[in-house]
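Taking it in order: structure first as structure tokens, then the write-up.
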Amino acid sequence: MQKILFRFVKQAVSIARKLTDAALIQISDPAGNGVAGWKHAVLHFLREHMDATLAEVLDWAEEMERVRAALVLERGEFIGPSALCRSLDRAPMVVWRELLRLSSELLDQSGHAAIDATYFDRREASSHYLKRCDRDVQTVQATFLVDTAQGAVIDVHCSAKWPNGTNIGPQVALRNAGDLLSLAADKGYDDMSFREALRAEGIRPLIKHRVFAPYDHAHNARIQDELYNQRSICETVNSVIKRSYGSAVRARSWYRQFREITLTAAVYNLELALKS
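For what it's worth, the UniProt record's numbering labels the leading residue of the sequence shown as 1, then goes sequentially.
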């Protein structure tokens with residue numbers, strides 16, 4: 001078990017150290033306590049991997065000699081739980097999505113991807129807190145972009161407002177256009193402007209048409225079944241993530257919940273790479 005944990009730490013370190021200087025500055029503690037941004041990122045990876053509290057992860061890491069060596073920290077040099085908690089807030093979502101993208105590069109990718117949404121429960125907090133913060137939305141929508149070769153999660157979009165797939169699909173797919181050859185999606189993403197935007201980027205759309213007329217059947221018949229049916233891989237990944245790491249988010253504020261889901265997807269990629 002310790003060997004697997006250390007391999008996970010080494011992979012997390014290799015990913016975190018690839019972040020740009022600008023991203024690392026946004027994560028690191030502005031108090032200047034000597035703990036670099038990439039070390040904060042690795043500790044957040046560990047928290048998700050171990051399903052532990054911030055205090056538990058810091059205690060464990062400080063007692064493990066090889067982990068201290070990987071983090072280039074000695075006993076007494078680790079930050080406190082509150083400082084680690086604040087580092088999750090300081091960096092914008094683009095930084096955590098970059099960590100997710102770097103983790104996906106550890107896995108083989110074919111360029112053939114699928115997109116689908118799933119939902120995470122927000123009701124983990126006490127009912128007293130939910131009433132006090134006037135929270136009505138009970139789930140977070142997470143849209144995962146998954147490469148179908150090994151099931152690597154390339155990108156994720158989170159929202160507490162449940163937007164339509166035709167609004168989220170272009171946003172997620174087009175910011176990853178350079179990595180895609182085709183994109184499979186169900187009828188919830190049926191929109192001609194989305195298909196045209198994909199074709200303009202050289203991406204083959206494999207999106208089923210909602211049937212309103214006979215020619216919609218003809219459009220669907222032309223979609224290559226072998227590639228389109230790989231859309232189920234995205235559904236499988238969504239299910240595995242929720243069964244392995246929980247179907248509920250623990251953070252209370254929506255922006256921390258978005259970061260939690262993104263980090264969970266990155267940890268899923270790391271663990272999958274270790275098994276490969």
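Ideal Cβ positions, reconstructed from N, Cα and C, are used throughout, including at glycine. Predicted, not measured: the structure shown is a model, and the values here were computed from it.
Assigned with DSSP and collapsed to three states, isoleucine 79 falls in coil, not helix or strand. Remark: fewer than three beta-carbon pairs, one from each stretch, lie closer than 8 Å, so the segment 79-90 and the segment 99-108 are not flagged as touching. Under the three-state reduction of DSSP output, valine 35 falls in the coil class, being neither helix nor strand. Here aspartate 89 carries a helix assignment [DSSP, helix/strand/coil]. Inter-residue distance for leucine 24 and proline 81 is about 19 Å (C-alpha atoms, whole angstroms). Taking 4 residues as the shortest admissible run, the UniProt domain "Transposase IS4-like" (112-270) contains the following complete alpha helix (DSSP H) segments, listed from N- to C-terminal end: 127-132, 165-174, 192-200, 214-221, 225-228, 231-245. Counting along the chain, arginine 17 sits inside no alpha helix (DSSP H), nor does DSSP assign it H or E at all. Bounds of any alpha helix (DSSP H) do not take in valine 72, whose DSSP letter is neither H nor E. The closest CA to that of arginine 243, considering only Asp51, Ala113, Lys208, is found on Asp51. Residue environment: arginine 66 is assigned as exposed (fewer than 16 neighbouring CB atoms within 10 Å of its CB, all protein chains considered). If you draw a straight line from the Cα of alanine 149 to the Cα of aspartate 108, it comes to about 6 Å. Around the beta-carbon of proline 92, fewer than 16 other beta-carbon atoms lie within 10 Å, marking it exposed.
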